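Taken in sequence, the protein lines are chains A and B.
According to the working numbering, the stretch in the first sequence is residues 31 to 374, in order.
According to the working numbering, the stretch in the second sequence is residues 31 to 374, in order.
Don't be surprised by glycine CBs; every beta carbon is placed ideally from N, CA and C.
Treat the numbers as computed from the prediction; the structure is a model and nothing was measured.
Written below as structure tokens is the structure these notes are about.
There are 2 protein chains.
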Amino acid sequence: MDVSAKPKLDDVARVAGVSTATVSRCLNEPAKVTSKTRERVLSAVEALGYTPNFGGRALASRKTHTVGAVIPTMENAIFARGLQAFQEALAEAGVNLLVASSGYDAEREAAQIRALVGRGADGILLIGTARPEKTRAFLKRFATPCVIAWSIGGPGDVYVGFDNVAAARAIAERVIAFGHRRIAMISGITAMNDRAAGRIAGVRAALSEAGLSPEGLVVEEVRYAFDEAGVALHRLMAAPEPPTAIICGNDVLGVGAIVAARRRGLTVPCDLSITGFDDIDIAALVEPGLTTVHVPHRRMGLAAAKALLDLIEGQPQDRHVSIETSIIERGSLGPAPRSSSIGR
Amino acid sequence: MDVSAKPKLDDVARVAGVSTATVSRCLNEPAKVTSKTRERVLSAVEALGYTPNFGGRALASRKTHTVGAVIPTMENAIFARGLQAFQEALAEAGVNLLVASSGYDAEREAAQIRALVGRGADGILLIGTARPEKTRAFLKRFATPCVIAWSIGGPGDVYVGFDNVAAARAIAERVIAFGHRRIAMISGITAMNDRAAGRIAGVRAALSEAGLSPEGLVVEEVRYAFDEAGVALHRLMAAPEPPTAIICGNDVLGVGAIVAARRRGLTVPCDLSITGFDDIDIAALVEPGLTTVHVPHRRMGLAAAKALLDLIEGQPQDRHVSIETSIIERGSLGPAPRSSSIGR
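The following block contains the structure:
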């Protein structure tokens with residue numbers, strides 16, 4: 031590509047119909063520009079793919095003391111505890127949190143990020159790493175301080191997360207150690223969800239290491255909803271060789287599966303073992319309790335807030351914070367049944 | 031009060047250190063003013079208690095296509111489904127939603143409202159009616175389109191909600207009809223929470239009508255958290271005359287109480303009846319299922335979005351939308367036990 035074809039500040043000004051000084055002010059001191067102008071300039075910047083040069087300059091002038099978070103969903107408690115801790119830590123620093131939810135939709139996430147940047151957010155928390163290059167480029171272009179949580183990000187990311195592959199692998203190893211060989215998975219939808227995809231990869235790795243076929247793993251991908259887990263469980267148990275253990279991609283699916291198994295007349299874990307992921311409140315409330323991966327959500331939320339505040343202030347910091355997960359045994363995982371005729 | 035003592039536009043301009051034209055622009059066309067200036071002017075307006083005269087003018091010029099919601103908490107699913115529907119309806123209209131949470135704190139709610147207005151939100155969704163006069167005055171001063179949900183508001187409010195008193199009264203009547211006389215309540219904290227207070231009032235009204243003492247109702251006020259319900263249940267059951275039925279202020283408390291009762295060796299509903307409020311997912315997942323008040327959260331969220339969009343557009347609308355609740359019987363409410371020695 032010809033370097034001279036790169037869009038320049040002039041081009042942005044022309045497309046936005048403003049002066050180059052206004053474009054410059056908009057990019058460097060957005061709080062001093064009206065939101066109408068800012069949105070016009072941002073649209074032009076994005077349309078042209080213009081990359082401003084912020085250099086190493088501290089971003090102190092951009093402070094609105096408001097931080098944004100775009101989370102995939104507010105519908106269940108997956109992100110609730112971590113986000114609560116994130117907000118508490120921000121509040122202590124006098125920073126407000128505005129939350130938007132994307133519904134696991136890449137376009138909507140991009141729109142929410144634009145809205146937050148357009149409203150002058152000092153920084154942004156995002157969940158996971160799966161997003162189109164266009165969205166990453168937008169964040170880079172505006173040098174928006176951005177922290178990724180719930181995942182281990184790439185080398186260029188600032189992240190406070192955990193290793194979804196390793197955590198899922200660990201719980202799958204536990205399932206295998208209980209003698210299960212016919213293992214299935216009820217997973218979240220993997221499109222634009224690196225956490226869901228990573229958890230499947232972790233289970234496959236454990237199967238492979240145990241000499242079981244990773245390709246043979248039957249995976250039902252469903253939305254994270256209690257009743258969706260029930261539908262998936264019924265499909266899995268209707269197979270000629272139904273699983274003796276179902277590894278669920280999160281606790282919403284795990285609890286949904288336990289309830290569906292009970293309604294199907296199956297005793298958990300005698301007839302069927304079920305595991306979850308997250309360790310949210312309900313995992314301890316179902317009967318039997320859900321054996322699951324414990325994610326220290328509060329610790330992650332607090333650390334993410336610290337990372338983002340440091341990034342906004344231009345403070346030196348750990349760019350990569352990896353939070354350890356652990357396995358909580360409760361009762362939904364037991365030895366594989368000797369007879370395999372159940373559920374048929 | 032002397033009318034001449036009322037703060038004028040001049041006073042605001044002087045305190046904010048800007049021209050009167052800027053104050054006027056800030057109040058009438060905030061999108062044309064920088065956020066820095068807007069915040070300075072808003073602070074002065076608030077400090078002085080200045081009331082701008084917006085007259086009947088449509089607010090079309092204020093459009094940022096962003097709407098804010100301040101909800102008490104994101105920690106459990108109480109507001110999740112309604113908010114999800116609210117967001118879906120806004121998205122269809124091309125309007126973004128930014129959510130802030132107040133932690134049931136009046137000061138924080140006021141700060142979040144200021145932040146949202148300061149960031150140029152076209153309108154705001156608030157939960158319930160309990161807030162200081164100062165906050166109401168702020169919203170009035172800026173003529174911020176505002177819809178109240180989850181409650182029946184006052185005559186001056188635009189609301190899309192339900193009658194918490196009547197709904198709680200209905201479920202208490204059901205409990206009484208099952209022969210219960212020793213009834214206790216585990217309630218949310220009533221300070222700045224008109225929903226929690228209204229539900230207690232509803233239970234008292236039902237007791238009174240049945241010839242039982244409304245003052246005799248023992249109420250444990252706790253945070254909406256599963257384990258808090260457990261602590262409250264143990265306190266209630268340790269009384270010399272423990273209740274035979276516990277009416278819970280919401281489903282989080284109801285499910286927490288069912289689990290705590292089970293751990294205490296009590297069978298629900300044979301030994302102890304428990305009811306909830308909201309009908310969120312987990313109410314159907316516990317064993318036994320929680321008998322509760324069904325709130326049509328999705329319908330409320332969709333109707334609230336329509337009301338707020340109409341208000342922003344200056345469209346004629348129903349200012350008061352009351353959503354009907356109903357009772358869902360599941361199994362946690364049964365006849366009062368004949369012996370009253372349990373739990374001692």
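Given residue i, which residues of its chain have a CB within under 8 Å of its CB, disregarding the five upstream and five downstream residues?
{"i": "HIS95 of chain A", "result": "GLY124, VAL125, ASN126 and ASP152"}
{"i": "LEU332 of chain B", "result": "ALA115, PHE116, GLU118 and ALA119"}
{"i": "ALA287 of chain A", "result": "ILE216, ALA259, GLY260, ALA262, LEU263, ILE276, CYS278 and ILE304"}
{"i": "GLY85 of chain A", "result": "A caution first: GLY85 of chain A carries a pLDDT of 37, below 50, which makes its placement in the model too unreliable to give a value."}
{"i": "VAL177 of chain B", "result": "GLY153, ILE154, LEU155, LEU156, VAL188, TYR189, VAL190, ALA334, ALA337, LEU338 and LEU341"}
{"i": "VAL71 of chain B", "result": "VAL42, ALA46, VAL48, THR52, VAL53, CYS56, LEU57 and VAL63"}
Which term fits residue i, buried or exposed, when burial requires 16 or more other beta carbons within 10 angstroms of its beta carbon?
{"i": "GLN117 of chain B", "result": "buried"}
{"i": "GLU105 of chain A", "result": "buried"}
{"i": "ARG293 of chain B", "result": "exposed"}
{"i": "CYS300 of chain A", "result": "exposed"}
{"i": "GLU239 of chain B", "result": "exposed"}
{"i": "SER362 of chain B", "result": "buried"}
{"i": "GLU258 of chain A", "result": "buried"}
{"i": "GLY373 of chain B", "result": "Note that GLY373 of chain B scores 42 on pLDDT, short of 50, meaning its location in the model is unreliable; the coordinates nonetheless yield the value given after this. Its Cβ being crowded by 16 or more others within 10 Å, GLY373 of chain B is buried."}
{"i": "PRO365 of chain A", "result": "exposed"}
{"i": "PRO175 of chain B", "result": "buried"}
{"i": "PRO367 of chain A", "result": "buried"}
{"i": "GLY150 of chain B", "result": "buried"}
{"i": "ALA110 of chain B", "result": "buried"}
{"i": "ASP348 of chain B", "result": "exposed"}
{"i": "ALA290 of chain B", "result": "buried"}
{"i": "ALA269 of chain A", "result": "exposed"}
{"i": "ASP40 of chain A", "result": "exposed"}
{"i": "VAL129 of chain A", "result": "buried"}
{"i": "ALA337 of chain A", "result": "buried"}
{"i": "GLY232 of chain B", "result": "buried"}
{"i": "PRO273 of chain B", "result": "buried"}
{"i": "SER243 of chain A", "result": "exposed"}
{"i": "GLU354 of chain B", "result": "exposed"}
{"i": "ALA221 of chain B", "result": "exposed"}
{"i": "ALA297 of chain B", "result": "A quick correction: the sequence has Thr, not Ala, at residue 297 of chain B. Classification for THR297 of chain B: exposed."}
{"i": "PRO102 of chain A", "result": "buried"}
{"i": "GLU271 of chain B", "result": "exposed"}
Which chain A residues are close to residue i, counting only those with a beta carbon under 7 Å from its beta carbon?
{"i": "LYS62 of chain B", "result": "THR64 and LYS66"}
Residues of chain A with CB closer than 9 Å to the CB of residue i, please, in chain order.
{"i": "PHE256 of chain B", "result": "ASP311, ILE312, ALA314 and LEU315"}
{"i": "LEU296 of chain B", "result": "Residues of chain A passing the Cβ test: none, with the nearest at roughly 14 Å."}
If the cut is a Cβ gap below 9 Å, which residues of chain B does residue i touch?
{"i": "THR96 of chain A", "result": "ALA145, GLY148 and ARG149"}
Mind pulling the chain A residues with CB within less than 8 Å of residue i?
{"i": "ARG111 of chain B", "result": "GLU105"}
{"i": "ASN126 of chain B", "result": "ALA130, ALA141, GLN142 and ALA145"}
Tell me which same chain residues have a C-beta within less than 7 Å of the C-beta of residue i, skipping the five on either side of it?
{"i": "GLU139 of chain A", "result": "VAL100, SER132, ARG161 and THR165"}
{"i": "ARG229 of chain A", "result": "ASN194, ALA198, SER217, GLY279 and PHE307"}
{"i": "LYS62 of chain A", "result": "ARG55"}
{"i": "GLU76 of chain B", "result": "PHE168"}
{"i": "ILE206 of chain A", "result": "ALA236 and ALA240"}
{"i": "GLN142 of chain A", "result": "VAL100, ALA130 and SER132"}
{"i": "GLY209 of chain A", "result": "PRO365 and ALA366"}
{"i": "THR50 of chain A", "result": "LEU39, ASP40 and ALA43"}
{"i": "VAL45 of chain B", "result": "ALA74, ALA77 and LEU78"}
Enumerate in chain order the residues of its own chain whose CB-to-CB distance from residue i is below 6 Å, with the five nearest sequence positions on each side excluded.
{"i": "HIS327 of chain A", "result": "ARG111 and GLY112"}
Query raised in the report: Relative to chain B, which residues along the segment 149-160 of chain A have a C-beta separation below 7 Å, given in chain order?
Result: ARG149 and GLY150
Query - Cβ-based contacts, 9 Å cut-off: residues of the segment 303-321 of chain A near chain B - result: ASP311, ILE312, ALA314, LEU315, VAL316 and GLU317
**Report entry** Any alpha helix (DSSP H) of 4 or more consecutive residues that is wholly inside the segment 195-269 of chain A
**Finding:** 224-239 and 256-267
**Report entry** Near-chain B residues of the segment 128-140 of chain A - C-beta to any C-beta below 9 Å
**Finding:** LEU128, VAL129, ALA130, SER131, GLY133 and ARG138
Requested in this report: Could you run through the segment 269-298 of chain A and flag, in chain order, every residue whose CB is less than 7 Å away from some CB of chain B?
Outcome: VAL285 and VAL289
**Report entry** Near-chain A residues of the segment 323-351 of chain B (beta-carbon distance less than 9 Å), N- to C-terminal order
**Finding:** none
Report task. Scan the segment 83-170 of chain A and note each continuous beta strand (DSSP E) run of 3 residues or more that stays entirely inside, going in chain order. Result -> 96-101, 126-131 and 153-157
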